[in-house]
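Q:
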Amino acid sequence: MPGSAPANGEATWPKDVGVIALEIYFPSQYVDQAELEQFDGVSAGKYTVGLGQARMGFCSDREDINSLCLTVVQRLMERNGLSYDQVGRLEVGTETIIDKSKSVKTVVMQLFEESGNTDVEGIDTTNACYGGTAALFNAVNWVESSSWDGRYALVVAGDIAVYATGSARPTGGAGAIAMLVGPNAPLAFDRGLRGTHMQHAYDFYKPDMASEYPVVDGKLSIECYLSALDRCYSVYRNKIHAQWQREGVDKRFSLEDFGYMVFHSPYCKLVQKSLARLVLNDFLSHPRPNTETGPFSGLEAFREVKPEETYFNRDVEKAFMKASTEMFDQKTKASLLVSNQNGNMYTPSVYGCLASVIAQHTPHHLAGQRIGLFSYGSGFAATLYSLRISQDATPGSGLDKLCASLCDLKARLDSRRKVSPSMFADNMQLREETHHLAPYVPQGCVEELFPGTWYLTRVDEKHRREYSRRSLNDDLPLEAGLVNSTTATEVQYNCIVQRKSEIKIIYKFNNIPNPADTTHTHKLVAGSSTFYRG
Numbered sequence: 115m116p117g118s119a120p121a122n123g124e125a126t127w128p129k130d131v132g133v134i135a136l137e138i139y140f141p142s143q144y145v146d147q148a149e150l151e152q153f154d155g156v157s158a159g160k161y162t163v164g165l166g167q168a169r170m171g172f173c174s175d176r177e178d179i180n181s182l183c184l185t186v187v188q189r190l191m192e193r194n195g196l197s198y199d200q201v202g203r204l205e206v207g208t209e210t211i212i213d214k215s216k217s218v219k220t221v222v223m224q225l226f227e228e229s230g231n232t233d234v235e236g237i238d239t240t241n242a243c244y245g246g247t248a249a250l251f252n253a254v255n256w257v258e259s260s261s262w263d264g265r266y267a268l269v270v271a272g273d274i275a276v277y278a279t280g281s282a283r284p285t286g287g288a289g290a291i292a293m294l295v296g297p298n299a300p301l302a303f304d305r306g307l308r309g310t311h312m313q314h315a316y317d318f319y320k321p322d323m324a325s326e327y328p329v330v331d332g333k334l335s336i337e338c339y340l341s342a343l344d345r346c347y348s349v350y351r352n353k354i355h356a357q358w359q360r361e362g363v364d365k366r367f368s369l370e371d372f373g374y375m376v377f378h379s380p381y382c383k384l385v386q387k388s389l390a391r392l393v394l395n396d397f398l399s400h401p402r403p404n405t406e407t408g409p410f411s412g413l414e415a416f417r418e419v420k421p422e423e424t425y426f427n428r429d430v431e432k433a434f435m436k437a438s439t440e441m442f443d444q445k446t447k448a449s450l451l452v453s454n455q456n457g458n459m460y461t462p463s464v465y466g467c468l469a470s471v472i473a474q475h476t477p478h479h480l481a482g483q484r485i486g487l488f489s490y491g492s493g494f495a496a497t498l499y500s501l502r503i504s505q506d507a508t509p510g511s512g513l514d515k516l517c518a519s520l521c522d523l524k525a526r527l528d529s530r531r532k533v534s535p536s537m538f539a540d541n542m543q544l545r546e547e548t549h550h551l552a553p554y555v556p557q558g559c560v561e562e563l564f565p566g567t568w569y570l571t572r573v574d575e576k577h578r579r580e581y582s583r584r585s586l587n588d589d590l591p592l593e594a595g596l597v598n599s600t601t602a603t604e605v606q607y608n609c610i611v612q613r614k615s616e617i618k619i620i621y622k623f624n625n626i627p628n629p630a631d632t633t634h635t636h637k638l639v640a641g642s643s644t645f646y647r648g
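Converting from the sequence shown to the numbering used here requires adding 114 to each position, the first position being numbered 1.
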């Protein structure tokens, strides 16, 4: 298998370490941004044109960070025919904290119990939207280290991005990405080519442990993002120049050397401005740019500008967005499918953009290309790095399988249920009122979740969370509470009495291996039957 160690046991550097498989999950419901503009009483186009957003996915109280990660991990394992004993490292990148001590990774480990595999390294990694990238780097470093035992690494990035009522709320979203990491990957890391910048700033942070909402300095956050992009690109460019020199290659690096360029996407308009920003960097670093023809045509007036003085310079922004229009269409626009339709997922954001590129191109179109990725997390931490796509696009190849696994991405986005802005607002209010409430039974309707989705069944008086999974088959009853966050013997089981109604009955069963099997002879205990309307 791709994750196997050399049979002879010799110390060798694994070849083409990177992403072998990728799975994405987003909620089954969304709010339309144009309708949200009307509901919020703002000018038409403020969210749809100004931010570049069309739809925003969001979670009911049935989903939390644990359930998102359970869902995306199980989907990846099932769709790729993998067994859990093939995984030797699992790391979760998230900033959605529901427990200050217990990691999301330990909750996800319950999926491994049947396999008996507990020898799994890794833990949670947190720094705003950068945690998923840090987890991915750790996984790659593990495979390339003396610690690697020949098994796959699994990286999960997941978050629920919610904001208080106001101008930031339409930049929310939710989702999770799972990536299988190993050698001989169709998306291989360019070894030694990472440009990183880290610095202290209070641009976006979450100091209130009782609230899901961040404190945001919008203007400072944009400045930090763009300054980090400048510095990461400069470091990356210097490193690739040094690498080329060692290889005897005499050329200048520019954006043209990336087949695609994807970014962390708080909102789509910032991504378009960011690509223009890299064109500005290429222009200023070029010793003799041609301002008569080509991409730098008509830009001579900006030859002496200082990058650090241009973050909010409208003339510079307008000129370079115009100059980069064709490049944006070719290299970046396709990456914004998930961002435009689902919103900002925080840690999975840049990888949702990567998935969008793969989903909309054939293996033959992608083969041999280099993809640049810019990952940013407030506070702040950022890296620009690159992946090389395999040359092998033949049927059955790793690249062919990866493309096939994501070819339904647009259809999945289109299959979601639209919710009115008023219902969205009610949902946000419910989340605000019940965040960290214990004991608590969620009110959201389970039947409105995608098949195969894990969901929260209850939080007990000790804040222990229990989960069940909706059946993959719509014609079957819901799966029972096979996964919970406690060591208690009782688990909750949601029994749908009338599938078309919103009335549900919650039963408790004691030590039942498969409560969904109605012919099982174990005795029903704890006769509580709680009725509620979801």
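Glycine included, every Cβ here is placed at the ideal spot set by N, Cα and C. If you're wondering where the values come from, they're calculated on a predicted model, not measured in any experiment.
Do the region 224-244 and the region 294-305 touch if we need at least three Cβ pairs shorter than 8 Å?
A: Flag = no, the region 224-244 and the region 294-305 do not touch.
Q: Would you tell me roughly how many angstroms separate the C-alpha atoms of Ala267 and Ala249, rounded to the nearest one?
A: Against the sequence shown, residue 267 aligns to sequence position 153. Against the sequence shown, residue 249 aligns to sequence position 135. Each residue's Cα considered, the two are about 10 Å apart.
Q: Check whether the region 378-386 touches the region 458-469, counting contact only when three or more Cβ pairs, one atom from each stretch, lie closer than 8 Å.
A: Touching, yes.
Q: Alpha carbon to alpha carbon, what distance is there between Gln483 and Val133?
A: By one-based count along the sequence shown, residue 133 stands at place 19. By one-based count along the sequence shown, residue 483 stands at place 369. Each residue's alpha carbon lies about 15 Å from the other.
Q: May I have the straight-line CA-CA distance separating Trp80 from Ala253, to the nearest angstrom?
A: Residue 80 is absent from the model: the chain starts at 115 and stops at 648.
Q: Identify, in the order they occur along the chain, each residue of the same chain with its Cβ nearer than 7 Å to the Cβ of Gly164, setting aside the five sequence neighbours on each side.
A: Here the question's residue 164 lines up with position 50 in the sequence shown. Around Gly164: Lys383.
Q: Taking DSSP's pairing of strands, which residues face His314 in a bridge?
A: Numbered from 1 along the sequence shown, position 200 holds the residue referred to as residue 314. Answer is none; His314 lacks a bridge partner.
Q: Excluding the 5 residues flanking Tyr569 on each side, which residues of the same chain have their C-beta closer than 7 Å to its C-beta?
A: For the purposes of this step, residue 569 is identified with residue 455 of the sequence shown, where counting begins at 1. Around Tyr569: Arg176, Glu177, Ser181, Val560, Leu563, Tyr581, Ser582 and Arg584.
Q: Please state the DSSP three-state secondary structure of Ala356.
A: Taking the first residue of the sequence shown as 1, we reach residue 356 at position 242. Ala356 falls in the helix class under three-state DSSP.
Q: Compute the Euclidean distance between the alpha carbons of Ser411 and Tyr319, then round it to the nearest angstrom.
A: Within the sequence shown, the letter at position 297 stands for residue 411. Within the sequence shown, the letter at position 205 stands for residue 319. When rounded, the distance between both Cα atoms is 41 Å.
Q: What are the start and end residues of the alpha helix (DSSP H) that includes Met435?
A: In the sequence shown, residue 435 corresponds to position 321, counting from 1. Its alpha helix (DSSP H) spans residues Arg428 to Ala437.
Q: Are Met441 and Leu389 close, meaning C-beta to C-beta below 8 Å?
A: What you label residue 441 is simply residue 327 of the sequence shown in a count that begins at 1. What you label residue 389 is simply residue 275 of the sequence shown in a count that begins at 1. In this structure, Leu389 lies closer than 8 Å to Met441 by Cβ.
Q: Whole-angstrom Cβ separation of Thr407 and Val349, contact assumed at under 8 Å?
A: Here residue 407 refers to the residue found at position 293 of the sequence shown. Here residue 349 refers to the residue found at position 235 of the sequence shown. Not a contact, Cβ separation roughly 30 Å.
Q: Mind checking who Thr113 pairs with in its DSSP beta bridge?
A: This structure gives no information on residue 113, because the portion of the chain shown stretches from 115 to 648.
Q: Going by the beta-carbon positions, is the gap between Arg391 and Phe367 smaller than 8 Å?
A: In the sequence shown, residue 391 corresponds to position 277, counting from 1. In the sequence shown, residue 367 corresponds to position 253, counting from 1. Cβ distance not < 8 Å, so Arg391 and Phe367 don't count as in contact.
Q: Between the alpha carbons of Cys173 and Arg545, how many angstroms are there, rounded?
A: Taking the sequence shown and counting its residues from 1, the one referred to as residue 173 is at position 59. Taking the sequence shown and counting its residues from 1, the one referred to as residue 545 is at position 431. Taking the straight line from one Cα to the other gives about 9 Å.
Q: Roughly how many whole angstroms lie between the Cα atoms of Pro116 and Ala299?
A: Within the sequence shown, the letter at position 2 stands for residue 116. Within the sequence shown, the letter at position 185 stands for residue 299. Confidence in Pro116 is poor, its pLDDT being 47 and thus under 50, which makes the residue's placement too unreliable to answer from.
Q: Go ahead and label Lys532 buried or exposed: buried means 16 or more other beta carbons lie within 10 angstroms of its beta carbon, across all protein chains shown.
A: Reading the sequence shown from its first residue, position 418 is the one you call residue 532. Exposed: under 16 other Cβ atoms inside 10 Å.
Q: Going along the chain, which residues of its own chain have a beta-carbon closer than 7 Å to the beta-carbon of Cys521, five neighbours each way excluded?
A: To locate residue 521, count along the sequence shown from 1; it is residue 407. Answer for Cys521: Ala473, listed in chain order.
Q: For Arg572, name the three-state secondary structure that DSSP assigns.
A: The residue labelled residue 572 in the question sits at position 458 within the sequence shown. Arg572 falls in the strand class under three-state DSSP.
Q: Could you check what DSSP says for Asn241 in three-state terms: helix, strand or coil?
A: For the purposes of this step, residue 241 is identified with residue 127 of the sequence shown, where counting begins at 1. Three-state DSSP puts Asn241 in a strand.
Q: State the beta-bridge partners of Leu268 as determined by DSSP.
A: Walking along the sequence shown from the start, residue 268 turns up at place 154. In the DSSP output, where bridge partners are listed per residue, Leu268 has Leu204 and Leu294.
Q: What did DSSP end up calling Ser453 once you bin it into helix, strand or coil?
A: The residue labelled residue 453 in the question sits at position 339 within the sequence shown. Here Ser453 sits in helix by DSSP.
Q: Span of the beta strand (DSSP E) holding Leu480?
A: The count along the sequence shown starts at 1 and reaches residue 480 at position 366. Here Leu480 belongs to no beta strand (DSSP E); instead the alpha helix (DSSP H) covers Pro477 to Leu480.
Q: How is the alpha helix (DSSP H) around Ala652 delimited, first residue to last?
A: Beyond the ends of the chain as shown, which are 115 and 648, falls residue 652; an answer cannot be given.
Q: Mind pulling the alpha helix (DSSP H) runs of 4 or more residues that sit fully within the region 369-428?
A: Taking only runs of at least 4 residues, the alpha helix (DSSP H) segments lying wholly in the region 369-428 are 382-399.
Q: Below 8 Å CB to CB, which residues in the same chain sit around Lys365 once its five sequence neighbours on both sides are set aside?
A: Residue mapping note: residue 365 aligns to position 251 of the sequence shown, counting from 1. Excluding sequence neighbours, Lys365 sits near Trp358.
Q: From Gly230 to Gln167, what distance separates their C-alpha atoms?
A: Position 116 of the sequence shown, counted from the first residue, corresponds to residue 230. Position 53 of the sequence shown, counted from the first residue, corresponds to residue 167. Roughly 44 Å separates the two Cα atoms.
Q: Considering only their Cβ atoms, is the gap separating His549 from Glu71 smaller than 8 Å?
A: The first residue shown for the chain is 115 and the last is 648, placing residue 71 beyond what the model contains.
Q: If you run the structure through DSSP and keep just helix, strand and coil, what is Val145?
A: If you number the sequence shown from 1, residue 145 lands on position 31. Reduced to three states, the DSSP call for Val145 is strand.
Q: Is Ile55 helix, strand or coil when you go by DSSP?
A: The question about residue 55 has no answer here: the residues shown for the chain are numbered 115 through 648.
Q: Taking all protein chains shown into account, do 16 or more other C-beta atoms lie within 10 angstroms of the C-beta of Lys445, making it buried, or fewer, making it exposed?
A: The sequence position of residue 445 within the sequence shown is 331, counting from 1. Buried, by the Cβ-count rule.
Q: Is DSSP giving Asp178 helix, strand or coil here?
A: Stepping through the sequence shown from its first residue, residue 178 is reached at position 64. Of the three classes helix, strand and coil, the one that applies to Asp178 here is coil, per DSSP.
Q: So, helix, strand or coil for Ala135, using DSSP?
A: Position 21 of the sequence shown, counted from the start, is the residue given in the question as residue 135. Residue state, collapsed to three classes: strand.
Q: Please work out which residues of its chain come closer than 7 Å, Cβ to Cβ, to Ile354, disregarding the five sequence neighbours upstream and downstream, and give them in chain order.
A: The count along the sequence shown starts at 1 and reaches residue 354 at position 240. Excluding sequence neighbours, Ile354 sits near Leu307 and Phe367.
Q: Relative to the C-alpha of Asp396, which candidate in Asp443, Tyr347 and Glu235 has its C-alpha closest?
A: Counting from 1 along the sequence shown, the entry for residue 396 is found at position 282. It is Tyr347.
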